[in-house]
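Presented below is the structure to which this report refers.
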Amino acid sequence: MATELDPARILQVERLVGAPIDLVFEMFTDARHLDAWWGPDGFRNETHEMEFSVGGLWRYTMHGPDGKDWPNWIRYQEITPPTRIAYEHGGEMGEAAHFHGVITLKTEGDQTRVTLTLIFATPEARDATLKFGAVEGGKQTLARLDAYARDIKALS
62 MATELDPARI LQVERLVGAP IDLVFEMFTD ARHLDAWWGP DGFRNETHEM EFSVGGLWRY
122 TMHGPDGKDW PNWIRYQEIT PPTRIAYEHG GEMGEAAHFH GVITLKTEGD QTRVTLTLIF
182 ATPEARDATL KFGAVEGGKQ TLARLDAYAR DIKALS
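Our numbering applies: residue 62 is where the sequence shown begins, and numbers increase by one.
Laid out in structure tokens, this is it:
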């Protein structure tokens with residue numbers, strides 16, 4: 062995929078998560094899990110609706126640490142358990158997608174390599190997102206996933 066796309070339109074973050082691939086995949090499939098870890102440090106999620114299926118919608122609000130609310134929607138385009146989820150991601154309902162996302166999972170021993178790739182229509186759209194701290198936010202999000210998945214693994 063990355064070889065076919067202009068690198069100037071891509072933002073990518075990854076992390077090795079301390080849980081097996083099936084458990085990590087599950088963390089993306091259920092709103093109660095996503096609300097517990099999705100988003101950068103200090104953000105809290107509130108899911109309004111979620112249908113985890115191809116064509117399904119996840120609509121949620123991210124509540125920022127400054128009190129600002131950020132509406133979001135994700136429309137699932139491809140789901141290949143337990144290795145791949147592709148989606149389009151937007152803000153307000155009715156708006157066009159801001160970017161396309163691909164989450165890939167790969168087993169590494171008893172852990173899982175999670176790679177989050179965001180694909181923008183233009184380099185300018187990508188650069189605007191970078192200015193908002195998207196890379197650091199993505200790293201924080203995956204760190205929260207890692208901590209949450211490790212906690213769930215320890216309980217099972």
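Each residue gets a CB set at the ideal place from its N, CA and C atoms; glycine is no exception.
Of the listed residues the options, nearest to residue i (C-alpha basis)
{"i": "E139", "options": "R187, D102 and F113", "result": "F113"}
{"i": "I213", "options": "R70, L66, L84 and Q73", "result": "L84"}
{"i": "A208", "options": "L66, L95 and R70", "result": "L95"}
{"i": "G125", "options": "R70, P142 and D102", "result": "D102"}
Opening and closing residue of the alpha helix (DSSP H) in which residue i lies
{"i": "E87", "result": "I82 to M88"}
{"i": "A204", "result": "A195 to L216"}
{"i": "D102", "result": "Per DSSP, D102 belongs to no alpha helix (DSSP H) and is neither H nor E."}
Enclosing beta strand (DSSP E) for residue i [first to last residue]
{"i": "R70", "result": "Element bounds for R70: n/a, residue is neither H nor E."}
{"i": "D130", "result": "D130 to T141"}
Check whether residue i and residue j have beta carbons under 7 Å apart
{"i": "W134", "j": "G162", "result": "no"}
{"i": "Y148", "j": "G117", "result": "no"}
{"i": "M123", "j": "G100", "result": "yes"}
{"i": "R120", "j": "H109", "result": "yes"}
One or two residues paired with residue i in a DSSP bridge
{"i": "E107", "result": "T122"}
{"i": "H161", "result": "E149 and I180"}
{"i": "L166", "result": "V175"}
task = Take every Cβ of the stretch 74 to 83, pair it with every Cβ of the stretch 169 to 181, and state whether three or more of those distances are shorter than 8 Å.
result = Contact holds: three or more Cβ-Cβ distances are below 8 Å.
inquiry  = Counting beta carbon pairs with one atom in the stretch 80 to 97 and one in the stretch 183 to 199, are three or more of them shorter than 8 Å?
reply    = No: the two stretches stay apart, fewer than three of their Cβ pairs being nearer than 8 Å.
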